[in-house]
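See structure below.
Number of protein chains: 2
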Amino acid sequence: MIDTLLKHFEHYIALNSEEKDYIKANIPVKTFNKNYLLLSENEVSNEFYFVINGLVRLYYNVGLEEKTAYFYTENTFVSSYESFTKQCKSKHNLETLEETTLAIISFEVAYKLLELFPKFEFLARIMMEEELIMCQDIIASFVTSNAENRYLNLMKRDKDLLQRIPQYHLATFLGVTPETLSRIRKRITSR
Amino acid sequence: MIDTLLKHFEHYIALNSEEKDYIKANIPVKTFNKNYLLLSENEVSNEFYFVINGLVRLYYNVGLEEKTAYFYTENTFVSSYESFTKQCKSKHNLETLEETTLAIISFEVAYKLLELFPKFEFLARIMMEEELIMCQDIIASFVTSNAENRYLNLMKRDKDLLQRIPQYHLATFLGVTPETLSRIRKRITSR
DNA sequence: TAAATTTATTGACAATCGTCAATTGACTTT
DNA sequence: AAAGTCAATTGACGATTGTCAATAAATTTA
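Next up, the structure:
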């Protein structure tokens, strides 16, 4: 299972056997039930995750409601970066939406990796860059499109994802209520 | 002027004189007029900027309109990261909103810095992390608040910025039309 | 300073959205 | 299979928003 993560790393840098062994020995893989809360608001995050299989949702608590900011699928990293890097209280909640298999990178292991193998500093930068570009695209979607077009774009780019996510979560991710998303869908299919 | 950038770097890492000299010799500082277009859509970005003084806007062209995604003020880096790091066509436009003094880091110099002085790899990662956290906060504001509350939050956190930005740019940044922002402001002041 | 241009405000109206409630549909659990 | 639970849809209505047009205010330019 951890091979998925090694492969992901090797997409960016070459790993020797010492490095691979260190990763295998120190990054455990664990499977979580559906709707398992990996991190909740106000906790300090001391690990981040790589999704080997399944689906994780990042959301905010707003009053009594939950507002989804992102869905993380296979071969992506999940984290409350602010809480993890600054070791401060998290604004984010992380929850699995399916039975999900994750590689778990603890704070200690992450910084040991950076210390022992400088090439991981490079890797970490590249990962951050990719994550940043992703975030900028989301911001772009909010600034340049309305909810209907955001939904249509998701249909084009991630049709599979739509079928794995409950609509009431998708709605908040699009910035509308579930009722409005339902009507958007009706408008779309009726043409 | 370049000292502002050095100081910013030194907030994160120690710099020896060799490194400082390299930066002074290779990172020029230039002042641009108000409304100068630093980068436009479909160009490949081969430099990024550090704002020493002034204000830069990042925006998207949508049909005939411009939609603002962010404002960069003093002591922040500005870039179309995707275009710069992947050397692909930019989706972004960058424009000064005031007479603006920038440190200009070219693609060559950036990668020479990383090559010559490995500590800049660490610095680059930290910068990316900070930028990422900023982006996540913007996404949070879209997902958790309506335009009125986004405006109120800006008033609290960045009162100064509001007075430097034309309202029609601020409106698109908040995700509404200028008319709606005008009415939001009216609603707010009338209580 | 006056004229011209740009920006911000306001009004009117139609379209869209949020809210609350009711209903339908889908899925679980026993 | 039936009951129960949760999710999605639909209807009604008020509030908010976008659009277009007109006006007012502010800024720039001659």
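Chains as they are written, first to last, in numbering that gives the first Met the number 0: chain A, 0 to 190; chain B, 0 to 190. Backbone N, C-alpha and C define an ideal beta-carbon position, used for all residues, glycine too.
- Query: Mind checking whether the beta-carbon of B:V55 lies closer than 7 Å to any heavy atom of the ligand HEM?
  - Reply: The model on display carries no ligand, and the ligand HEM is accordingly not part of it.
- Please list the partners that A:T117 has in chain B, where partner means a Cβ-to-Cβ separation under 8 Å. The question names Thr, but residue 117 of chain A in the sequence shown is Pro. Neighbours of A:P117 on chain B, chain order: P117, E120.
- Task: Whole angstroms is fine: what's the gap from B:V43's alpha carbon to A:E120's?
- Result: Rounded to whole angstroms, B:V43 to A:E120 spans 26 Å at the Cα level.
- Item | Interface residues of the stretch 132-150 of chain B facing chain A [CB-CB below 7 Å] | Cβ proximity to chain A below 7 Å picks out I132, C134, Q135, I137, I138, A139, F141, V142, T143 from the stretch 132-150 of chain B.
- Query: With a Cβ-Cβ cutoff of 8 Å, do A:V77 and B:T171 count as a contact?
  - Reply: No, Cβ-Cβ distance for A:V77 and B:T171 is not below 8 Å.
- Task: Using a Cβ cut-off of 9 Å, pull out every chain B residue sitting near A:K6, in sequence order please.
- Result: In chain order: nothing, as chain B lies at least about 21 Å away.
- Message: Let's test the definition: count the other Cβ atoms within 10 Å of the Cβ of B:I187 and tell me whether it reaches 16, buried, or not, exposed.
- Response: B:I187 comes out exposed.
- Message: So, with DSSP's three-state summary, where would you put B:E98?
- Response: Correct three-state label for B:E98: coil.
- Sub-8 Å separation of A:T99 and A:V28 beta-carbons: No, these two residues do not count as a Cβ contact at 8 Å.
- Check whether the Cβ atoms of B:L131 and B:H91 lie closer than 8 Å to each other. The answer is no: Cβ separation not under 8 Å.
- Message: Please state whether the Cβ-Cβ distance between A:I138 and B:C134 is less than 8 Å.
- Response: In this structure, B:C134 lies closer than 8 Å to A:I138 by Cβ.
- What residues in its chain sit with their C-beta under 6 Å from that of B:S140, if we drop five residues either side in the sequence? Counting only Cβ-Cβ distances below 6 Å, and skipping sequence neighbours, we find R149.
- Query: Do you know whose CA, among A:L96, A:S181, A:F31, A:A24, lies nearest A:A109's CA?
  - Reply: Of the candidates A:L96, A:S181, A:F31, A:A24, the one whose C-alpha sits nearest the C-alpha of A:A109 is A:A24.
- Can you tell me the Cβ-Cβ gap for A:I104 and A:F31, rounded? I've got them flagged as a contact below 8 Å. Contact between A:I104 and A:F31 does not hold, since the beta-carbon distance rounds to 15 Å and is not under 8 Å.
- Query: Smallest Cα separation from B:L151: which of B:K185, B:I26, B:N15?
  - Reply: Comparing Cα positions, the closest option is B:K185.
- Message: My parser needs the beta strand (DSSP E) runs of 3 or more residues fully inside the stretch 66-132 of chain A; what are they?
- Response: Under the rule that a run must span 3 or more residues, the beta strand (DSSP E) segments found entirely inside the stretch 66-132 of chain A read 92-95, 99-105.
- Message: Please report whether the beta-carbon of B:R56 lies at a distance below 8 Å from any beta-carbon of chain A.
- Response: By this cut-off, B:R56 is not an interface position.
- Using a Cβ-Cβ cut-off of 6 Å (strictly less than) and excluding sequence neighbours within five positions of B:T67, which residues of its own chain qualify? Closer than 6 Å at Cβ, skipping near neighbours: R56, Y58, H168, T171, F172.
- Let me know the secondary structure DSSP gives B:Y11 once reduced to three states. Three-state DSSP puts B:Y11 in coil, outside helix and strand.
- Assuming B:A123 contacts B:L115 under a Cβ cut-off of 8 Å, what Cβ separation, rounded to an integer in Å, is found between them? Contact flag wrong, Cβ pair sits at about 13 Å.
- Cβ of A:A68 within 8 Å of any chain B Cβ: For A:A68, a Cβ of chain B is located within less than 8 Å of the residue's own Cβ.
- Closer than 8 Å by beta-carbon distance: list the chain A residues that pair up with B:Y80, in chain order. Around B:Y80, the beta-carbon contacts reaching into chain A at under 8 Å are E128, L131, I132, Q135.
- Between the beta-carbon of B:N34 and the beta-carbon of B:T95, is there less than 8 Å? For B:N34 and B:T95, yes; Cβs fall inside 8 Å.
- A:T176 to A:E64, Cα distance in whole Å? Taking the straight line joining both Cα atoms gives about 11 Å.
- Does any C-beta atom of chain B lie closer than 8 Å to the C-beta of A:K90? Yes, contact with chain B.
- Message: Taking 8 Å as the limit between beta carbons, can you name the residues of its chain near B:G198, skipping five residues before and five after?
- Response: The first residue shown for chain B is 0 and the last is 190, placing residue 198 of chain B beyond what the model contains.
- In whole angstroms, what separates the C-alpha of A:E178 from that of A:L54? Between the alpha carbons of A:E178 and A:L54 lies a distance of about 24 Å.
- For B:R156, does the three-state DSSP call read helix, strand or coil? B:R156 carries a helical assignment under DSSP once its states are collapsed to helix, strand and coil.
- Message: Would A:P165 and B:P117 qualify as a contact pair, given that the criterion is a beta-carbon distance under 8 Å?
- Response: No. Outside cutoff.
- Item | Beta-carbon separation (whole angstroms), A:S89 vs A:N41, contact threshold 8 Å | The pair is a contact, with the Cβ atoms about 7 Å apart (cut-off 8 Å).
- Rounded C-beta distance between A:E128 and B:T3? I'm assuming under 8 Å. Going by Cβ atoms, the distance from A:E128 to B:T3 rounds to 24 Å, so no, they are not a contact pair.
- Query: At a CB-CB cut-off below 7 Å, which residues of chain B make contact with A:V61?
  - Reply: Ordered by position in chain B, the residues that pass the 7 Å Cβ test against A:V61 are T143.
- Query: Measuring CA to CA, which of A:D136, A:R182, A:K158 is closest to A:E147?
  - Reply: Restricting attention to A:D136, A:R182, A:K158, the CA atom closest to the CA of A:E147 is found in A:R182.
- Does DSSP classify A:T30 as helix, strand or coil? Note: A:T30 maps to strand in three-state DSSP.
- Item | CA nearest to the CA of A:L101, picked from A:L153, A:I26, A:L161, A:K6 | Checking every option, the nearest Cα to that of A:L101 belongs to A:I26.
- Just the chain A side, please: which residues come within less than 9 Å of B:A109 by C-beta, in chain order? Identification of chain A residues near B:A109 by a Cβ-Cβ cut-off of 9 Å yields none; the smallest Cβ-Cβ distance measures about 12 Å.
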